[in-house]
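Below: the structure, in structure tokens.
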Amino acid sequence: MINLSKNMGFLQKIILSVTQKHRRIVECYLSSNEVKKLHIGCGGNFLEGWLNTDFIPFSNKILFMDATRKLPFDNNRFDYIFSEHMIEHITYTQGGLMLSECFRVLKSGGKLRISTPDLQFLIDLYTENKTEIQLEFIKHSSDRWIEKSPHYKNAPSFDETFVINNYMRAWGHQFIYDERVLRGLLEKVGFVKIHRVNVCESQDRCLENLENVSRKPPGLIALESLVVDCTKP
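With my numbering as the guide, the letters of the sequence shown map in order to residues 16 to 248.
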């Protein structure tokens, strides 16, 4: 017979140990960095000088954090927040909560940078007169993912129809934003000075060259991404 009280005690010790470890990571970062910068959903893009967080940390230097819940920080704690290709992996409602939490933990004058796939980019893939970079994106997606997927066996070809369908469903994507919807959500939360910018570019040097453009062939991350900088008043 399983001793539940003994097992619960063991589980509580694990939870306490993890909590203490996370608290040490946060305290160490905040005490050793004058400019506080939070990276949400870092994946393999570990940024020096940032508090890197992820739902599935790949390193003990990365803080476990569930961005669909209240963020584990006090109000007005950070100068910058960055999140790249993460918000599309949670629902629209959860995305709104995440952005409102970003607003809460940012200092007045603090800045948020959101990078996410652009719905307009997918729509543009369906046009007849495609650019060279669009054709390259379709080929790259077909070669790397679609041809190998069991969901598309016996397909006559792997064109933009398959790329678009796959993009909307693959990798746990939940909601693909366009600029209008993302801007509206940011405004609703309270952000101002909302500017669309190019990948790796910003009017603020602390927000330059953050996107992990090396994970795809040159130009493809820029093609697919909607990047917005905004400010907490």
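Ideal placement from N, C-alpha and C gives every residue a C-beta, glycine not left out.
From a predicted model like this one, the values you see are computed outputs, not experimental measurements.
**Item:** Reduced DSSP secondary structure (H/G/I, E/B, other) of His54
**Value:** strand
**Prompt:** Can you give the Cα-Cα distance for Glu42 and Lys145, rounded to whole angstroms?
**Reply:** 50 Å
**Asked** Count the other CB atoms within 10 Å of the CB of Met16; is the residue buried (16 or more) or exposed (fewer)?
**Response** Its pLDDT being 43, under 50, Met16 is placed unreliably by the model, and the measurement read from it follows with that caveat. Met16 is exposed by the Cβ-count criterion.
**Request:** State the DSSP-derived secondary structure class of Arg195, mapped to helix, strand or coil.
**Result:** helix
**Request:** Mind checking who Phe97 pairs with in its DSSP beta bridge?
**Result:** His54, Arg128
**Close Cβ partners of Phe97 (< 6 Å) along its chain, the five nearest in sequence each way excluded** = His54, Arg128, Leu225
**Nearest-angstrom Cβ-Cβ length linking Phe136 and Glu239, presumed shorter than 8 Å** = 5 Å
**Item:** Simplified DSSP assignment, three categories, for Ile148
**Value:** helix
**Prompt:** Using a Cβ-Cβ cut-off of 8 Å (strictly less than) and excluding sequence neighbours within five positions of His37, which residues of its own chain qualify?
**Reply:** Leu78, Phe79, Pro87
**Backbone secondary structure at Cys215 - three-state DSSP** = coil
**Request:** Note down, in chain order, each residue of its chain lying with its Cβ closer than 8 Å to the Cβ of Pro232, except the 5 sequence neighbours on either side.
**Result:** Glu151, His155
**Prompt:** Can you tell me whether DSSP reads Ala237 as helix, strand or coil?
**Reply:** helix
**Request:** List the endpoints of the continuous beta strand (DSSP E) containing Asp69.
**Result:** 66-69
**Request:** Classify Phe118 as helix, strand or coil using the three-state DSSP reduction.
**Result:** helix
**Item:** Val178, enclosing alpha helix (DSSP H) - first and last residue
**Value:** 175-184
**Message:** Assuming Val242 and Val214 are in contact, meaning their beta carbons sit under 8 Å apart, how far apart are those beta carbons, in whole angstroms?
**Reply:** 6 Å
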